[in-house]
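J.: Everything in the sequence shown is counted per UniProt numbering, starting at 1 for the first residue and increasing by one.
Following this message is one structure expressed as structure tokens.
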Amino acid sequence: MAEETKTQAKPKKKRGRNAKRVREIVKVLRQYDVLKALSTQTHPENVRKALEALGPTFIKIGQMLSTRPDIVSPAFIAELSKLQDDVGTDSFATVQQTIQTEFGQPVTELFQDFADKPIASASMGQVHLAHMQNGVKVAVKIQHPGIAAVIHTDLRILDRLVRVVKWLPTAQVVDPKEIFAQFKVALEKELDSKLEAENNARFYKLNNKQDIFEVPQVYLDYCSSKVVTTEYKVGRSMGSYLKAIAGQPITDKRRNIAKALVNNFMKQVFDDGFFHADPHPGNILLRDNEPDFGEFGAAERPQLFNKTSRLPNYRLIYLDFGMVGTLDQGLIDNLAAVVMAINSRDAYKIGNGLLNICKVVGPLDKNKFFEELSAFLEPYYNSGLGTIDLENMTLQIVELCRRNYLQMNPDVTLLMKAFGTLEGVVLQLDPDISMLEVARPFTRHYIMKTVNVRNEIEDQLLAAYQLSKDVPLVASRLKTSLDLLERGRLKLGIELKNRDQVLDRIEAMVNRIVIGLILAALIVGSSMLVQNQAQQTWIARLGILGYIVAAIFILGFLVGGLWTHWQRWRKRRQK
Numbered sequence: 001m002a003e004e005t006k007t008q009a010k011p012k013k014k015r016g017r018n019a020k021r022v023r024e025i026v027k028v029l030r031q032y033d034v035l036k037a038l039s040t041q042t043h044p045e046n047v048r049k050a051l052e053a054l055g056p057t058f059i060k061i062g063q064m065l066s067t068r069p070d071i072v073s074p075a076f077i078a079e080l081s082k083l084q085d086d087v088g089t090d091s092f093a094t095v096q097q098t099i100q101t102e103f104g105q106p107v108t109e110l111f112q113d114f115a116d117k118p119i120a121s122a123s124m125g126q127v128h129l130a131h132m133q134n135g136v137k138v139a140v141k142i143q144h145p146g147i148a149a150v151i152h153t154d155l156r157i158l159d160r161l162v163r164v165v166k167w168l169p170t171a172q173v174v175d176p177k178e179i180f181a182q183f184k185v186a187l188e189k190e191l192d193s194k195l196e197a198e199n200n201a202r203f204y205k206l207n208n209k210q211d212i213f214e215v216p217q218v219y220l221d222y223c224s225s226k227v228v229t230t231e232y233k234v235g236r237s238m239g240s241y242l243k244a245i246a247g248q249p250i251t252d253k254r255r256n257i258a259k260a261l262v263n264n265f266m267k268q269v270f271d272d273g274f275f276h277a278d279p280h281p282g283n284i285l286l287r288d289n290e291p292d293f294g295e296f297g298a299a300e301r302p303q304l305f306n307k308t309s310r311l312p313n314y315r316l317i318y319l320d321f322g323m324v325g326t327l328d329q330g331l332i333d334n335l336a337a338v339v340m341a342i343n344s345r346d347a348y349k350i351g352n353g354l355l356n357i358c359k360v361v362g363p364l365d366k367n368k369f370f371e372e373l374s375a376f377l378e379p380y381y382n383s384g385l386g387t388i389d390l391e392n393m394t395l396q397i398v399e400l401c402r403r404n405y406l407q408m409n410p411d412v413t414l415l416m417k418a419f420g421t422l423e424g425v426v427l428q429l430d431p432d433i434s435m436l437e438v439a440r441p442f443t444r445h446y447i448m449k450t451v452n453v454r455n456e457i458e459d460q461l462l463a464a465y466q467l468s469k470d471v472p473l474v475a476s477r478l479k480t481s482l483d484l485l486e487r488g489r490l491k492l493g494i495e496l497k498n499r500d501q502v503l504d505r506i507e508a509m510v511n512r513i514v515i516g517l518i519l520a521a522l523i524v525g526s527s528m529l530v531q532n533q534a535q536q537t538w539i540a541r542l543g544i545l546g547y548i549v550a551a552i553f554i555l556g557f558l559v560g561g562l563w564t565h566w567q568r569w570r571k572r573r574q575k
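Given below as structure tokens:
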């Protein structure tokens, strides 16, 4: 009996905690007037403060919102990008317990040594330095204990609260339930550190040793759903480097780094279909080292340096693969078409490309959409690609799509956010670089790569062969037709459908013309008789009679016409 009472007490205690959390969430949302701020797209700072106050789940949702220009305004994107958390670090004892639970072995058996103080901490976990038993230096990222339970609880609460959001005015194009479902899936994936490890392994395979890029190797045997172990890479954060070079003259090194970043990102998008979705300065390291006289690995794509060039004495290192994007082949094709259309300034092709990567969520007026797009793009036609603010341009295009009930593919909005983040880094390195100009060779190369030239040539040759076989037959028939035409014996066969109805209409039209001519003659003749004769003569009276007859006919035609129209209107109503 006591055990049964104890079992019943646990759900009550859990419900009590959930109720307390609901009250806390509602209180903060009201305090900062979050729903009104989101609906009117005003006071983004208040929304940021509210999300920070509500903890890890809401911070992550805010960070995801900052990647969705199709949902929030540029001001919100900028503010939500500043989201920070003040989650404390876990004790070393807690870290040891997590590793023991995940791998069934103590830290001392898994690692040669393990630093008791973390070198970094965030809302989801913290990072410690360690050495594996073979002496390799690694970075071990450990998820905060209890964070999964907190996030799952918050998601269950939000699942109920989000129903209120669907009544917001701004929800006419964006379905809050659908957006929340996307965020929920993304958050649940982020809770599984094994997925991050797999992303790291895939990115390593595709990008490590490509040009000047390196990627930490991940050790999957030392990874679990709560732990990720990767090779430790030495380097200076790109953020620190950008601060150090601010205001200094542009050097070849800066230009090369900027171009390398753009080239590699284009490769990720168009060659790999798998890209780093959060390339901010904190996730990129710069390491200076001794010159390397090695060669690049084989790669059928545009490169910053050719295969015989020496590698410069610095490397760029990507970190943190918790947020990555994946593009399928169809989406890549459409993106390549849009970029090429932007380069060629073809509004019609840009519009069609956008329609292919958007979902229609309302009454779309295509003519209006194309007119607005053309008007928007017109100022860009006379400007060089290097002068285009790409991030601003894409944000405005997203807003234009939203006004026309077009919702961007979430993978595309994630790509746009990543592209904008990278552009911010690149322009600090080299303000004169044009992302579009660098992207153009990649899109051209991609299109050429995807087109099977041999098949295209074979198809054209086959069509030409078929045409060549038909030429003698066409010439023979043409000669026969010309001979018949010359002898006056050429006949044309015309099939007339609904012949009886057509003939009836022609007959009625001819009758009206004839009667009209008769009436005109009657009126003209009567006028001549009246004008040239005295009013009392019988000839003048005959002219007046002609007027009367003409008036009667005209009145009859008017009545008949009105009757016919009324009959047709009545039949249409009966149908």
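For glycine and all other residues, C-beta sits at the position ideal for the given N, C-alpha and C.
Comparing C-alpha positions only, which one of L327, G239, S344 and K189 sits nearest to F321?
T.: The option with the nearest alpha carbon to F321 is K189.
J.: Starting from the C-beta of L415, find all residues in its chain whose C-beta is less than 8 Å away, skip the five residues before and the five after it, and write them out in chain order.
T.: Taken in chain order, the residues that qualify are V269, F275, A277, G325, L327 and L335.
J.: Measuring alpha carbon to alpha carbon, tell me which residue in L286, G239, K267 and M266 is nearest I257.
T.: The residue with the shortest Cα to Cα distance from I257 is L286.
J.: Per the DSSP calculation, M408 is bridged to which residue(s)?
T.: In DSSP, M408 forms a bridge with C358.
J.: Tell me whether the beta-carbon of A75 lies closer than 8 Å to the beta-carbon of P118.
T.: For A75 and P118, no; Cβs fall outside 8 Å.
J.: Can you give me the C-alpha to C-alpha distance between D154 and R23, rounded to a whole angstrom?
T.: Distance between the alpha carbons of D154 and R23 is about 12 Å.
J.: Determine the direct distance from the alpha carbon of L558 to that of residue 599, and round the result to whole angstroms.
T.: No statement about residue 599 is possible, as the shown extent of the chain runs from 1 to 575 and does not include it.
J.: Check the C-beta distance from V150 over to T57 and give it rounded, since I have them as a contact under 8 Å.
T.: With 8 Å as the limit, V150 and T57 qualify as a contact, their Cβ atoms being about 7 Å apart.
J.: Going by beta carbon distance, what residues of the same chain come within less than 6 Å of G556, once the five residues before and after it are set aside?
T.: There are no such residues.
J.: Using beta-carbon positions only, say whether A439 and V339 come within less than 8 Å of one another.
T.: In contact: A439 and V339 (Cβ atoms closer than 8 Å).
J.: Rounded to whole angstroms, what is the Cα-Cα separation between R520 and I544?
T.: As written in the sequence, residue 520 is Ala, which differs from the Arg given in the question. Rounded to the nearest angstrom, the two C-alpha atoms are 15 Å apart.
J.: Which residue marks the beginning of the beta strand (DSSP E) containing R315, and which one marks its end?
T.: Unbroken beta strand (DSSP E) run through R315: Y314 to Y318.
J.: From the DSSP output, in three-state form, read off K137 for me.
T.: Strand at K137.
J.: Quick one: Cα of A341 to Cα of K253, how far?
T.: Roughly 32 Å separates the two Cα atoms.
J.: Mind checking which residues open and close the beta strand (DSSP E) that includes L285?
T.: It spans I284 to D288 - the beta strand (DSSP E) in which L285 sits, taken as one unbroken run.
J.: Between the C-alpha atoms of S121 and Y232, what's the straight-line distance to the nearest angstrom?
T.: If you take the alpha carbons of S121 and Y232, they lie about 16 Å apart.
J.: With three or more beta-carbon pairs closer than 8 Å as the criterion, would you say the stretch 128-140 touches the stretch 102-116?
T.: Because the criterion of three Cβ pairs below 8 Å is met, the stretch 128-140 and the stretch 102-116 touch.
J.: Taking the alpha helix (DSSP H) that A197 falls in, what are its first and last residues?
T.: That run of the alpha helix (DSSP H) goes S193 to N207.
J.: Going along the chain, which residues of its own chain have a beta-carbon closer than 8 Å to the beta-carbon of I357, five neighbours each way excluded?
T.: Closer than 8 Å at the Cβ level, and outside the excluded window around I357, lie L331, N334, L335, V338, M408, N409 and V412.
J.: According to DSSP, simplified to helix, strand and coil, what is residue 587?
T.: For the chain, the structure presents residues 1 to 575; residue 587 sits outside this window and is missing.
J.: Taking C-alpha atoms, which residue in D365, G561, K349 and A181 lies nearest to I61?
T.: Taking only the C-alpha atoms, the option nearest I61 is A181.
J.: From L422, A418, S527 and V426, pick the residue whose C-alpha is nearest to that of L65; which is it?
T.: Comparing Cα-Cα distances from L65 to each of L422, A418, S527 and V426, the minimum goes to A418.
J.: Mapping DSSP to helix, strand and coil, what is S66?
T.: Correct three-state label for S66: coil.
J.: Would you say M435 and L390 are within 8 Å of each other, going by their C-beta atoms?
T.: In this structure, L390 lies closer than 8 Å to M435 by Cβ.
J.: Alpha carbon to alpha carbon, how far is H565 from A550?
T.: Spanning the two alpha carbons is a distance of roughly 23 Å.
J.: If we ignore side chains and look at the alpha-carbon of each, how far apart do N18 and K141 end up?
T.: Near 29 Å, if we compare the C-alpha coordinates of K141 and N18.
J.: Taking only the alpha-carbon atoms, compute the straight-line gap between S374 and A347 and give it to the nearest angstrom.
T.: If you take the alpha carbons of S374 and A347, they lie about 6 Å apart.
J.: Distance, Cα to Cα, G247 vs Q31?
T.: About 42 Å.
J.: Would you tell me roughly how many angstroms separate the C-alpha atoms of L83 and R48, rounded to the nearest one?
T.: Rounded to the nearest angstrom, the two C-alpha atoms are 6 Å apart.
J.: Pair every Cβ in the stretch 212-227 with every Cβ in the stretch 98-105, then say whether three or more of these pairs are closer than 8 Å.
T.: Counting Cβ pairs under 8 Å, three or more are found: they touch.
J.: Whole angstroms is fine: what's the gap from E196's alpha carbon to Y219's?
T.: Approximately 12 Å, taken between the alpha carbons.
J.: Between which two residues does the beta strand (DSSP E) carrying Q126 extend?
T.: Run containing Q126: G125 to M132, per the beta strand (DSSP E) assignment.
J.: On the criterion of 16 or more Cβ atoms from any shown chain inside 10 Å, does W563 qualify as buried, or is it exposed?
T.: Per the 10 Å Cβ criterion, exposed.
J.: Between the alpha carbons of R403 and F369, how many angstroms are there, rounded?
T.: Approximately 9 Å, taken between the alpha carbons.
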